[in-house]
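Note sheet for the following structure.
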């Protein structure tokens, strides 16, 4: 396993939690776009 930047992981987790994805209605598209940009 390679190096894991813990600060980056925390940053991503915080940013993902900021997206409003509660059900209903979901609205997970913006969160999915964010994750796709990271890949």
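In my numbering, the protein residues as written are 0 to 38. Note that CB positions come from ideal geometry on N, CA and C, so glycine has one too. Just so you know, these numbers come straight off a predicted model, no measurement behind them.
Alpha-carbon spacing of residue 26 relative to residue 6, whole angstroms: 27 Å
Collapsed DSSP secondary structure at residue 16 in the structure displayed: helix
Whole-angstrom distance between residue 23 and residue 3, CA atom to CA atom: 34 Å
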